Every structure is written in C-alpha cells, then in structure tokens.
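Take any residue in the sequence shown, count from 1 to its spot, add 3: that is its number in the numbering used here. Positions of the beta carbon are idealized from the N, C-alpha and C atoms, including for glycine. Please read all numbers here as calculations on a predicted model, not as lab measurements. Structure, as structure tokens:
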Amino acid sequence: MAAKMFKVKLVKSPIGAKAEHVATVKGLGLKRMGQIRELVDTPSTRGMVNAVRHLVVAVA
Numbered sequence: 004m005a006a007k008m009f010k011v012k013l014v015k016s017p018i019g020a021k022a023e024h025v026a027t028v029k030g031l032g033l034k035r036m037g038q039i040r041e042l043v044d045t046p047s048t049r050g051m052v053n054a055v056r057h058l059v060v061a062v063a
C-alpha cells in the first residue's frame with residue numbers, strides 16, 4: 004500500500020526568520036522560493052510544516 008503524500012510550496016523567504024525555522028525549511032527539502040516538494044504524510048512532517056506555516060503553503 005502506497006504511503007499518503009502531500010505537497011508543500013515555499014512562498015516566503017526564510018531570510019530573517021529564526022534559525023530553527025530556517026533549519027526546518029531546509030529539513031523539508033525546500034531550497035528556493037516557489038519550489039514544491041511532495042512529502043510523506045506523517046505526524047513529524049505535519050509538525051514541521053505547522054512550525055513554518057507562515058513560510059509555506061499546501062498545494063492541491
């Protein structure tokens with residue numbers, strides 16, 4: 004059975020954000036503005052996205 008996936012897009016630059024938020028964005032695999040990553044839907048990735056919800060947006 005395939006794992007559930009969801010897409011996240013970096014819409015705001017992490018420059019000037021807290022170091023923890025910059026590290027979280029990097030941990031999600033987002034490197035540049037407008038980049039979209041497809042991530043496995045686990046509680047840990049959901050928590051990471053929630054921590055930087057002001058920098059990213061879910062893509063349908």
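| Check | Outcome |
| --- | --- |
| Reduced DSSP category for Arg40 - H, G, I as helix; E, B as strand; rest coil | strand |
| Option in Lys10, Thr27 and Met4 with minimal Cα separation from Pro17 | Thr27 |
| Euclidean distance between Cα positions of Met51 and Met4 | 24 Å |
| Three-state class that DSSP yields for Lys1 in the structure shown | The structure shown does not extend to residue 1, since the chain is modelled only from 4 through 63, so no value can be given for it. |
| Asp44 versus Val11: straight-line alpha-carbon distance, rounded | 11 Å |
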